[in-house]
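K.L.:
In terms of my numbering, the sequence shown opens at residue 32 and continues consecutively.
Every residue gets a Cβ at the ideal spot worked out from N, C-alpha and C, and that includes glycine.
Since we're looking at a predicted model, the values are computed, not measured.
Next up is a structure, given as structure tokens.
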Amino acid sequence: MIKKVLLTINFLILFLYIFSQAPGHVPYGKPEPVDFDLFNIILLIVLPVLLIIIYIFQRKKNRRNKK
């Protein structure tokens, strides 16, 4: 029973702490879509795909070396 009460109090304090961090007076405006010029295509599409491919090959290489 004590654990449940302490857990509830902990979540309540955490919720109040997180809620107090959100600024209410900041005007947010509309988000604009990303322009797909060469730099953004390389940065947002090509680099993540390359990182995933390099990660997959590195994992395969590490698994072969362990055997």
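In the DSSP assignment, find the unbroken alpha helix (DSSP H) run with Y86 in it and report its ends.
P.N.:
To locate residue 86, count along the sequence shown from 1; it is residue 55. Counting along the chain, the alpha helix (DSSP H) containing Y86 begins and ends at L78 to K97.
K.L.:
Would you verify that the beta carbon of I87 is, or is not, closer than 7 angstroms to some beta carbon of chain C?
P.N.:
Absent from the structure: chain C. Only one protein chain is present.
K.L.:
Please check the pair L31 and V65, which I expect to be a contact at CB under 8 angstroms, by giving their CB distance rounded to whole angstroms.
P.N.:
Any property of residue 31 remains undetermined from this structure, which presents the chain solely from 32 to 98.
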